[in-house]
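As numbered in the numbering used here, the sequence shown has no gaps in its residue numbers, which increase by one up to the final residue, 400. Glycine is no exception: its CB is placed at the ideal position from the N, C-alpha and C atoms. Note that this is a predicted model, so its numbers are computed, not measured. Right, one structure below, let's go through it.
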Amino acid sequence: MKELTGIIMIAGSSPSTTNIRYLSNFPPPDPFLFMKTAEQNYLVVSSMEKGRAQKESKPGTIVLSVKDLSLRQASRRKQGAWALALLRKLKMTRVKVPADFPAAVFQILEKKGIKVTVLGKSPCPERSVKSKEEIACLRESQRAAVAGMKKAIRLIAAASIDSKMQLRIGKELLTSEIVRRAVHATLIEHDCIGMDTIIAGGDHAVDCHNKGHGPLYAGQAIVMDIFPRSEKHGYWGDITRTVCRGPASPELKKLYNTVKAAQQGALRMVKPGISGDEIHKGIQALFEKRGYKTGCTDGKNEGFTHGTGHGVGLNIHELPGIGTVKNRLEPGNVVTIEPGLYYFGLGGVRIEDTVVVTEKGWKYLAPCEKTFEL
């Protein structure tokens, strides 16, 4: 028996599904198994998927169907049986698995005498540095995000204001849901899917992941966070803008201008070698200097309540993170810069761009205007 020098992963769990897509180039519509070794990669798929997998997977990948593993009919739908059969076919008694590996399959392998070791890090750390081809895919998705954002801004800018300060398009109330549908329709035109798009006005936006619902109002900050995934290649885009229809109060304008200054300052810091926590601390210091505290009021978190940014790729959130952890940036990283401030009774403001780290600094994947009062 020989020892395995690689990793076994199962599609259907995340991020293993996107790791498999990254390593094999085969998008998993159904659960299947992937083996990464120092010498060879293996895919185990259903008999129906074998032909497509052979055509679409990266050169040198050995594609096996469940029939090739000589599995009995009763075992052909059980991933534990697939994994065990593949290891036995390769005469391997040891295997490494990622942290999200299914517990049931883990138990089956151990019960059958396979030594299973859980990895303490990502099986694909190289994903954090994007190739030129990946950056082109990300740029395509980001352009879709920008198109969706421009659609949302135009819709809100065109709205009239009724006697209750509600926004209307013609006689119809303009709601978060209507704007979100318009954004998603635009994304579809760019072969992208909009998922959990945030169109949140007023106090809805203070809860950073509240998607927003109901009527939108004049004079309030409306946070719009759009993160589409391409249906063609699976890479994501990510952008956030905050707007206000009609004049904003002095307090709200000050909040917006502070976040905008923080984002501009953070972008100036982005370059190879800098640690993400340095950028994050710089934003925290600016907010504190301008009097914006972060803490808990009446059991509710307010202020700068999240990290500064995150990597973007086949997952919407991936390495490197920009927050409290020391992740040093390097050329080819694609990251968001998205500071925000949130206070109940005043509202929330977040501004986000996705940029690629270059040899000397950074570049926008796709620029988009920043205008607050519409």
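- Within a 10 Å sphere around the beta-carbon of Lys386 sit fewer than 16 other beta-carbons, which makes this residue exposed.
- The Cβ atoms of Leu145 and Pro124 sit closer than 7 Å to each other.
- Apart from the 5 residues on each side of it in sequence, Leu97 sits with its Cβ closer than 8 Å to the Cβ of Ala107, Trp108 and Ala111 in its chain, given in chain order.
- Cys163 places its beta carbon less than 7 Å from that of Tyr261.
- Per DSSP, the continuous beta strand (DSSP E) segment holding Asp379 begins and ends at Asp379 to Val383.
- Note that the region 269-287 does not touch the region 209-226; fewer than 3 beta-carbon pairs, one per stretch, sit closer than 8 Å.
- About 6 Å separates the beta carbons of Asn51 and Ser83, which is inside the 8 Å limit, making them a contact pair.
- Using a 10 angstroms sphere on the CB of His336, the tally of other CB atoms reaches 16 or more, which defines it as buried.
- Counted as a single uninterrupted DSSP element, the alpha helix (DSSP H) harbouring Gly291 occupies residues Pro276 to Met295.
- Inter-residue distance for Glu203 and His216 is about 20 Å (C-alpha atoms, whole angstroms).
- Less than 7 Å divides the Cβ of Pro41 from the Cβ of Asn341.
- Listed in chain order, the non-local C-beta contacts of Glu136 below 7 Å within the same chain comprise Val142, local neighbours out to five positions each way being set aside.
- Annotation: Leu213 to Val382 spans about 22 Å, alpha carbon to alpha carbon.
- The alpha-carbon separation between Gly325 and Glu344 amounts to approximately 30 Å.
- In the three-state scheme derived from DSSP, where H, G and I count as helix and E and B as strand, Lys197 is classed as coil.
- Nearest to Lys280 by C-alpha distance, out of Thr362, Pro151, Phe313 and Leu293, is Phe313.
- Distances from the CA of His235 to each of Val172, Ala244, Leu242 and Ile225 were compared; the closest alpha carbon is that of Ile225.
- Partner residues in a beta bridge of Asp126, as assigned by DSSP, do not exist.
- Judged by DSSP in its simplified three-state form, Cys218 adopts strand.
- Rounded to whole angstroms, the gap between the alpha carbons of Glu399 and Phe370 is 20 Å.
- Each residue's CA atom was taken as its position, placing Lys122 and Ile33 some 5 Å apart.
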